[in-house]
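Each remark here refers to the structure printed beneath this line.
In UniProt numbering, the protein residues as written are 1 to 59.
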């Protein structure tokens, strides 16, 4: 399990792909698929950063 900016990332291989399950505690998880482990982690980090940017209040 990895953590990034308060989110947990759980990785697991699924046949020919990797799956990343991304969530904050007590939230519904997001499922991300990628061809390899590094790509799954990169996509998970990008998804988390987009979620945090979209939730940021504008000044």
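Beta carbons are placed, not taken as given, at the ideal position from N, Cα and C, and that holds for glycine.
Cβ-Cβ distance between residue i and residue j below 8 Å
i: residue 63; j: residue 1; result: The shown model of the chain, from 1 to 59, leaves out residue 63, and the question about it has no answer.
i: residue 22; j: residue 48; result: yes
i: residue 7; j: residue 28; result: no
Coil, strand or helix - residue i by DSSP
i: residue 11; result: strand
i: residue 16; result: coil
i: residue 31; result: strand
i: residue 36; result: coil
Residues sharing a beta bridge with residue i, DSSP
i: residue 3; result: 8
i: residue 23; result: 8
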